[in-house]
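Residue numbers (my numbering), protein chains in the order written: chain A, 2 to 424; chain B, 105 to 254.
Shown next, in structure tokens, is the structure this report addresses.
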């Protein structure tokens, strides 16, 4: 099994980068080999969506060229083949997350839908007026709004764990928020805007002392960390395929079987029923109960291919290389006068958010684009977090294992150009 | 190929650095807030209207150089204009930044518009340039007298 810790020991970190052949990796991603505005593309926006390796594109293509049929329906060969590949993808996700059973893996559209599913199904069933849900200051809007909608409906209360100036959760404040009214905790594994890796295991353990289930938003977690849902003991874990080098339109909700079984369906339709009459419908078991309608079959198969690809390279190798890149980038941009990094947690994934004195992030984004450099500029769907840091937004370079130190150098050069223009 | 210097002209950079009328207008009788939800830019436009004429105008908010400079230039140009005149100016400005026509620099006050001619080469930035103008229109259309916001 491909086992990795969140924090790579320094001796391993030093040993690994040499073994990592970034040039070879880059050749797996045809999209990277292009020019933007006459310059070599430098793609530093993988936290928004990662690029897809050829094997993922091929898997999707192969499905449509050779295997396309609907699943769980036909007796014909194509349908059986499509079903088999789709269910194989589920097993790949199961192993990837180290889940106990494949029926604990529900395919959804993305992390957002996974959270909405849990809020609407588990939340609506269990929440009453005056109950409390805990989230944190660094949540993406997708882990704020579904809970807000639920709280509004149920007259429940949303409690928010504060953070320090480095962008780290204040665990002692979190402990104080937990109490007899707490019904649910939903927290991000890795912050998309700051890069902070949260101590989710500790967070989960503290919640479980109050018998409160925890959802971990792993949209930015799985691309950088080896996630073991059983070791974390999380109750729900969600992620999006497209941030894991897979296709857009598919994502995953992991839930403990005991919880998922007791939850009502989220959407009704075909494929989620075992029998329908106008008087009564009985539902399928897990995971199909939560997969109404024809799913993104090609997307799930593509996601399976992405997982195979990542495991082939080795998550340890990827994590070590990305840490090396992050350290290099952090040092390089820190040397630019007037630049301030937002998000300086002790444990970070390869996300570099920053602001430049007197230059708005949009202007940075536009000028960098002229240099062929793609970054994200804005509030990163985390407006309350931006407010916490007193900035309208940040510029964010998010690094993946296909990025190089030369690309970081290009970023630094371009940032000097930004300063030149805004001098 | 679009040129950054065409976009970030000195006029724009100057207005960004020291915008005109960048203040909350005491005694405003029309206020509107504009928000670009995609990027989080926000601007509040304060108007003092008398007999359908913009007697005074101010703005506050945060945004990129383009949006700030556009707001600054706008406040300078519409001061003393009637509602209809201000709306006609918006139309001309919008044509310019979307590349559907020139500013028609037939009068000296429109010369400042010209600094924004580079925007049309950067479609992603058109919204930045027009945010304050959209907000002004909201303020002009405001049926009731807006309550002063904090």
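Idealized CB from N, CA, C, for every residue including glycine.
Computed from a predicted model, the values in this text were never measured in an experiment.
- DSSP, read as helix, strand or coil, puts residue 64 of chain A in helix.
- Annotation: the region 150-194 of chain B contains the following complete segments of the beta strand (DSSP E) (minimum length 3 residues), in chain order: 157-166.
- Within the region 334-368 of chain A, the complete beta strand (DSSP E) runs of at least 3 residues fall at 340-343 and 352-357.
- The C-beta distance from residue 191 of chain A to residue 225 of chain A rounds to 6 angstroms, short enough to fall under 8 angstroms.
- Partner residues in the beta bridge of residue 282 of chain A, as assigned by DSSP, are A:277.
- Around the beta carbon of residue 66 of chain A, a 10 Å sphere encloses fewer than 16 other beta carbons of the protein chains shown; the residue is thus reported as exposed.
- According to DSSP, residue pairing for residue 137 of chain A in a beta bridge involves A:162.
- Counting only Cβ-Cβ distances below 8 angstroms, residue 338 of chain A has no contacts in chain B at all, with the closest Cβ about 18 angstroms away.
- Listed along chain B, the residues sitting closer than 7 angstroms to residue 364 of chain A by beta-carbon distance are 168 and 169.
- Annotated three-state conformation of residue 187 of chain A is strand, per DSSP.
- If you draw a straight line from the Cα of residue 59 of chain A to the Cα of residue 363 of chain A, it is about 35 angstroms long.
- For residue 144 of chain B, at least one C-beta of chain A is nearer than 7 angstroms to its own C-beta.
- Annotation for residue 308 of chain A: the continuous alpha helix (DSSP H) segment containing it runs 298-314.
- Here the C-alpha atom of residue 173 of chain A lies approximately 34 angstroms from the C-alpha atom of residue 107 of chain A.
- With a threshold of 16 other beta carbon atoms within 10 Å, residue 261 of chain A meets it and is buried.
- In the structure shown, residue 213 of chain A falls within a coil segment according to DSSP collapsed to helix, strand and coil.
- Under DSSP, residue 106 of chain A takes part in a beta bridge, and its partners are A:255.
- Neighbourhood of residue 371 of chain A in chain B, by CB distance below 7 angstroms: 108, in chain order.
- Taking every protein chain shown into account, the CB of residue 77 of chain A has fewer than 16 other CB atoms within 10 angstroms, so this residue is exposed.
- With a cut-off of 8 angstroms on Cβ pairs, the region 326-337 of chain A is not in contact with the region 380-395 of chain A, counting fewer than three such pairs.
- Chain B has no Cβ within less than 7 angstroms of the Cβ of residue 147 of chain A.
- Rounded to the nearest whole angstrom, the C-alpha separation of residue 155 of chain B and residue 130 of chain B is 18 angstroms.
- The residues 240 and 245, in chain order, have a CB closer than 7 angstroms to that of residue 223 of chain A in the same chain once the five nearest residues on each side in sequence are set aside.
- Separation of residue 170 of chain B and residue 330 of chain A (C-alpha to C-alpha, rounded to the nearest whole angstrom) is 28 angstroms.
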